[in-house]
Every structure is written in structure tokens, then in C-alpha cells.
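Note sheet for the following structure.
There are 2 protein chains.
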Amino acid sequence: MAGQTPAGNPRPTIRDIARVAGVSKASVSYALNDQPGVSPGTRDRILAAAEQLGWRPSAAARSLSNARAGAVGLAIARDVRLLGEEPYYMRLIAGMESVLAAQGVSLLLTVVPDVGAAVEVMRGWWAERRVDGVVLTDLRVDDPRLDLVADLGIPCTFGGGPPDPRGYAPAAGGRDPERGPLTEVVEHLLAQGHRRLARVGGPAHFQHTRRRNAAWREVTREALGRAQPVLSADYSGREGLAATRRLLARAEPPTALVFDNDVMAATVVAERRALGVRIPEDLAVVAGEDSILCRLADPAVSALRRDVTAAGVASAVVLLDVLAGREPAPQAAPGYEFIARASSTAARR
Amino acid sequence: MAGQTPAGNPRPTIRDIARVAGVSKASVSYALNDQPGVSPGTRDRILAAAEQLGWRPSAAARSLSNARAGAVGLAIARDVRLLGEEPYYMRLIAGMESVLAAQGVSLLLTVVPDVGAAVEVMRGWWAERRVDGVVLTDLRVDDPRLDLVADLGIPCTFGGGPPDPRGYAPAAGGRDPERGPLTEVVEHLLAQGHRRLARVGGPAHFQHTRRRNAAWREVTREALGRAQPVLSADYSGREGLAATRRLLARAEPPTALVFDNDVMAATVVAERRALGVRIPEDLAVVAGEDSILCRLADPAVSALRRDVTAAGVASAVVLLDVLAGREPAPQAAPGYEFIARASSTAARR
DNA sequence: CTGAAAGCGCTTACAG
DNA sequence: CTGAAAGCGCTTACAG
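Same order as they appear, the protein sequences are chains C and Z.
The numbering used here puts the first residue of the first sequence at 1, with every later residue one more than the last.
The numbering used here puts the first residue of the second sequence at 1, with every later residue one more than the last.
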């Protein structure tokens, strides 16, 4: 079957519908698109004919007269090996698709090694009008993709961080939505008796890392009188370990570490003996992202669970609003939940 | 910027190129598509004009006259929560994209809960001619998607398993390519002194699970004189644990377990105390799929590493061949590597 | 409310 | 080798 040509009887067109219903192509188009200009009786006849013929619009034809593609694009710029470890994108895509599919909008996906390549892919999509808009993720400081969409006027939304460039809905209280989760983590650690904390964030060129680093400094300053340190790592276990070593080598080493993702936290827990620490007795560990890695670690890793699927839904909703020329509906900041597990819960025995 | 309309000066068309180059639209089309019918000089002038104007073909227009979409579709049928734990799809997509992108073919992606929904999505894609072909993964016994592509004559290829329905290239020796990896695992376990083995496969409705189960029975029969048992589980940690408990409760329990994926194997290792076994002393564990879960487990889990990205490449190559009406180039069975780690290596101390 | 007509941006026989 | 023309399947002013 894989070697077969797409034969079969040719697909029906509005011309066929017009013939069957005994009207003009124009009337068919109006009826099919719920436009005024057809009497109810005629409309019913046309719809029945379309149904009977099993008609479906040709995406290409519609696209050509519409000047819209009926598709949006997502160009993921990330090392494939890291991608395999991150459930993030699949969840984001699943959330987006639940909205897009319902509107008959397709999702174009590509995986590229870096932002420069992402820019080229999106430029091509736009030039060929394969997409009506794009979703941008992992925004960087001075991101060339922002220049691209601005220069070309490509409608866009953001996945991760506020989907709307104007920020989250006022319900978020105007405060940085990263503060809530981090406050909960810090309060948990204080309750466990920790007074010296540290954070291992992602690469500083990511906007979300910057936002979280800033929120971390604020939250810890308010809670402990002085901002607690932040180190950067690239989300890999290797760099997470290296950062941990540097922190532990300090004169007054932290007793609790908050990592930006699950891989770094779980790697540190796995390498606790090599690091010469007991967890949680000597060192408490918290992950900024939850996954099966956290659940299976020994001890299991406390984690912030973010509702990535909901973030995907919000991104798609905003993008569809923009494409339809509507004012984007305000989006609430994504939900999160702090899951306290053994890696930060002193079971004083 | 997200609220902006796609304004700007209108994109150039072949009409503009024709005007600049002083030729007809037809000549422009021939030159642009590398067709005969234009003199070298004219061709150069046309190409220069296209370049200068920054022309890119309109996907819709081309699609409409071509009767081809310039896109292929992948409808993943999998529970979103399991998806987040499986690096498989991202790797497959990355491999496919590396081939497709080079040919200017887009990838349409959707995530749906079950095969029935996948059929409906693909039916829609095909009816609207949004795709020229599809990639099918996780084929089942009596898979409704196979009926769909057969009935409608949709060109397709398979991701995971042979991309070509005729099977792998003869280089694979005509033998089931699942035998190689499993033989290596079984030999490793025998060398470690194990004589009672068992396998925990995926759901029996998956074709790949059936193939592997059959290969497992053959390989173990040849090595041990009698086929070793196989249980089914749904790839989740919960069912992996349940299957393990059942196996350990047998009169002559196995001393080595081979799981079909990383999640089940890593979960069993994480729950070794609850199961009342030492690993690898009482029970050796091997995973049929490698991931960071295996590396971070304690003890680390021995695993079969399959080159999923290469499988993605092969799928895309075959599909492009089929679409071009070429006989699909024979594809080698994907590479694999057995990584022996502590979970199955008796460090007799 | 309805129909004939032009147009979206390409491709491709068909004459010169 | 080159050009005028029809056609792909829709949408949308514009007359009736």
C-alpha cells in the first residue's frame, strides 16, 4: 500500500455540489461558509449535497483565495539530545493542538539546532505563506526571532512565559507570576530549618531564567534579609553537578539547592555519594520542573509542577485571537503545584 | 507586534519576475523549476530577477496546480502523560525533519488520545489535501489506520519497525532485526550466570511488541532449551511493577528481567526495596530502551540503545521515495547498542 | 436572494 | 526556445 498512487475517484469540488443542488458555485460557497446571501431552503439543499458527496474544502484553493494558510508554525530550537529528556515540548504541543484542531488549524513543526536556524525556517514558512503565525518558545534576551516577527509583521504568541506580550491577565495581580511558586519553595525550605539557600538556574540568555533569577533574589531577600546566590547551568546533569560542586566549596555552603529543571536536580541526587553529601540531611534538593525523573530518584525529588499543557492551550488561544484580528483574551498565569518529597523533607530519624 | 496585521509591501509573484526579466510567466516557471524550454541566458536573467525580488513560491498556489501539498503528517496516538515520559517521538521527529526540511517538505503534527482519533485526523488531512502522505507509528495488530491508508490510497511509511512495508534491506539478513539486540542481551545475562529469564513486553496489540515477544521466545529457546516467559504491561511503572510481582511470586522465579522500555525498568529498580530484592544480586534488570532514567537509576540500568533518530531519517527517506513515485531505497535495520550497567552486572564483592 | 465573472499565484500542454 | 491561454478549487465584489 505504501507504493500506491493516490488514485480513486477524484474528490468532489463546489462545482459538483452546485450541479447537484442546482445552484451556482457562488451560492455554494456562501452556504458552506455560513455567509448571508442564500435562502434557508437553498442553504439546506446545498449542505445536504455537500454532505452526500463527502465534500471537504481544498486547503490549497481556500488558502489561495483567502490569503491565509490555516496553519501555524512551531520551530523548536534545541539540541536533539536535550529534547529527548524534556517532556516540556510534547506537553506544550498537546495543549496547543487541543485548541488548534478544534478550529481546523494545522500545526507545522520543525526541530532545529539553534535560534538562527529557527529564524530561517520561519522566514521560509512566512515567505511561502505556509503559516499564518508562529509560536515562539524559550525566548532569549535580544532574541533574533523577535526582530523577525517584528520586521515581517508575523503574528505570534509565546509558549512558556506569558503567551501575550502584554503579560498575564490582571488576575495574576500585576506581580511577576514566577514569585508565587518560588515563594512557596522558599517557605517550605525555611520551615525545614534552612537558612542558606542557592539556586541553579538555566542559561542567562533565556528570558524565563532571568525572570526567575530576579524573582528568586527578591523572594529570598524578603524572607532572609539578603538575596541568596544564583548560578547558571545549561540544564544538563553535567553542568548541574559542576554548579553544585562550586556552591558546596564555598566558605558558607548552602544547605538547600533549587534547580531550574528536573534533570539537574535528579542528577545531583543520583550523584550524592560522589558529592559527599546526604540528601536531605546535608543538602535539600528541589526541582523547578516535575517529571518521572523526580519521582523515581532516591530520595524522590521535591518539585514544582507547572501546567505546561494549560500553557499550550493559552498560547494557541492568544494566537487564534490575534489571527482573527480580535483583541487577545487575557490569559491567567499558568497553574503550578509544589510537591514536597523526600529530597527536601527532613525525616529526622 | 503580536497584534499586527501581516502588512508590508505585497510579496513578489512570478508575474513581477516576468516583468523585470522581460519574459512571460511560463518561462519564469520553467526556469524556476529547472525545466527545459528556456535558453541559458534567459534562465540566468530570470533567476537573477527572482533573487533580486526575494521571490519565494506561494505554497498554496503551487499546491493547487501541482495537486500536491508539500507536507506530510504525523498523528501521534498516545496518552499525553505517557508522551511526556517518552523521548521516542521527539527523536523520531528530529530525524524525519532533517530529511524533510532539506526537500522543502513540511511536517504536520498532531497529538490525539487514540488510534480512532488519529484516523479521523488523517482522513481530514487527506480530504483537504493538506498532506501528501503520512507516517504511522506504533502499529497495532488489526490497525484501523492501515485500512484507512489502503482504502484511500494514502502514501505512507512506518516509524519504528521497518519504514518500508516490504521490510528492511537484505543486509539485515532476512532475519527478524529484533533478534540481534535480544540475542546480545540474553548472551550477556547467561554470561552473568542467569538461567531463568523473563521479559515484560508492551501491550500485545502493538505489532512491535509481538515481534519482540516472538524473537524473545526464539532466542531464549535456542539459548536455554526452552522459551522463557513473557508478560504484558502498558509501559507504565505501575504495570511494570505489577508484572514483576507476579513473576517473582512464581515457584521458580526468574533471576533476570528484560523490560520493553526504560520507565518500567527504572521503576522496578527504584522500588527494589518494596519488592524485597537486591539488584543485581537477586534480580538483574535490563531495559529495552535507553534514556536518562536508566543512567540516573541506582543501580544504573543496563539498556538497549536504539538509534531512533536514524529510524526517523529512514522513514522520511522512504516516504519521499514513495511520493516521488520511486521504488523506495532499501533501508538498513536501525542500529542498536547494548549498554551493560550495574543493574545486570554482578559486581561480586 | 441568485448568478456570471474575475482573481488568488502558480503549472503545463499547446501553438508559434 | 518563447508566449498566450487554460486550469487547479476556492472566494468575493458586482450586477441582476
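The beta carbon of each residue, even a glycine, is placed where N, CA and C say it ideally should be.
For clarity, every value in this text was computed on a predicted model and none was experimentally measured.
Query                                                                                                                                                                               : Result
Which class does S232 of chain C belong to by DSSP, given the choice of helix, strand or coil?                                                                                      : strand
Are the beta-carbon atoms belonging to V301 of chain C and V285 of chain C less than 8 Å from one another?                                                                          : yes
So, helix, strand or coil for V141 of chain C, using DSSP?                                                                                                                          : coil
Within the 8 Å Cβ cut-off, does V20 of chain Z reach chain C?                                                                                                                       : no
If you measure between the beta carbons of L296 of chain C and T267 of chain Z, is that distance less than 8 Å?                                                                     : yes
Closer than 7 Å by C-beta to V141 of chain C: which residues in its own chain qualify, once you throw out the five before and the five after it? Chain order, please.               : H205, Q207, R210
State the DSSP-derived secondary structure class of G225 of chain C, mapped to helix, strand or coil.                                                                               : coil
Could you please give the first and the last residue of the uninterrupted beta strand (DSSP E) stretch that includes Y336 of chain Z?                                               : 336-339
At what residues does the beta strand (DSSP E) containing I76 of chain Z begin and finish?                                                                                          : 71-77
So, is the C-beta of D44 of chain C closer than 8 Å to a C-beta in chain Z?                                                                                                         : no
Keeping to the same chain, check which residues put their C-beta closer than 8 Å to that of A346 of chain Z; ignore five residues upstream and five downstream.                     : Q192, G193, P280, E281, A284
Are three or more beta carbon pairs between the segment 46-55 of chain Z and the segment 71-91 of chain Z nearer than 8 Å?                                                          : no
My output table needs one value for V263 of chain C: the three-state DSSP class, helix, strand or coil.                                                                             : helix
So which residues on chain C does P57 of chain Z lean against when the C-beta distance must stay under 7 Å?                                                                         : E128
Between which two residues does the alpha helix (DSSP H) holding V23 of chain C run?                                                                                                : From DSSP, V23 of chain C is part of no alpha helix (DSSP H); its letter is neither H nor E.
Going along chain C, which residues have a C-beta under 7 Å from S63 of chain Z?                                                                                                    : A60
Let's see if you can read the secondary structure: which residues bound the beta strand (DSSP E) around L47 of chain C?                                                             : Looking at the DSSP string, L47 of chain C is not in any beta strand (DSSP E); the run it does join, the alpha helix (DSSP H), is 40-53.
Which residues bound the beta strand (DSSP E) around S98 of chain C?                                                                                                                : Taken as a continuous stretch (DSSP letters only), S98 of chain C belongs to no beta strand (DSSP E), being part of the alpha helix (DSSP H) at 88-100.
Pull up the distance between the alpha-carbon of P253 of chain Z and that of E289 of chain Z, whole angstroms please.                                                               : 24 Å
Compare the beta carbon distance of A265 of chain C and L231 of chain C with 8 Å and say whether it is the shorter of the two.                                                      : no
If I measure Cβ to Cβ from I339 of chain Z and keep anything under 7 Å in the same chain, skipping five residues before and after, which residues do I get?                         : D290, S302, A303, R305
Compare the C-alpha of A118 of chain Z against each of C:A101, C:E120, C:V134, C:G124 and name the closest.                                                                         : C:A101
Please report the straight-line C-alpha distance between P328 of chain C and S65 of chain C, rounded to a whole angstrom.                                                           : 26 Å
Within the same chain, show all residues whose beta-carbon is closer than 6 Å to that of P229 of chain C, passing over the 5 residues directly before and after it, in chain order. : A198
Skipping 5 residues on each side, what residues in its chain have a beta carbon closer than 7 Å to that of D16 of chain Z?                                                          : L53
Relative to chain C, which residues along the segment 231-254 of chain Z have a C-beta separation below 9 Å, given in chain order?                                                  : G237
Quickly, what does DSSP pair T157 of chain C with across the bridge? List them, please.                                                                                             : C:V135
Using a threshold of 8 Å, state whether the C-beta atoms of P356 of chain C and S24 of chain C are closer than that.                                                                : As displayed, chain C neither begins before 1 nor continues past 349, which places residue 356 of chain C out of reach and without an answer.
Looking only at its own chain, which residues have a Cβ that is under 6 Å from the Cβ of Y336 of chain Z, when we skip the five neighbours before and after it?                     : P181, L304, R306
Give the range of the beta strand (DSSP E) segment to which G201 of chain C is assigned.                                                                                            : 197-201
Residues of the segment 288-304 of chain Z with a CB closer than 9 Å to any CB of chain C: list them in chain order, please.                                                        : S291, I292, L293, R295, L296, A297, D298, A300
Tell me the DSSP bridge mates of S29 of chain Z?                                                                                                                                    : None; S29 of chain Z has no bridge partner.
With distance defined between alpha-carbon atoms, name the residue in C:S106, C:A94, C:T220 nearest to R350 of chain Z.                                                             : Residue 350 of chain Z lies beyond the range of chain Z shown here (1 to 349); nothing can be said about it.
Taking three-plus beta-carbon pairs below 8 Å as touching, is the segment 70-86 of chain Z in contact with the segment 135-150 of chain C?                                          : no
DSSP state of T352 of chain C, grouped into three classes?                                                                                                                          : Look at the range of chain C in this structure, 1 to 349, and you will see that residue 352 of chain C is not part of it.
Report the rounded CA-to-CA distance for R68 of chain C versus A61 of chain C, giving the unit in angstroms.                                                                        : 10 Å
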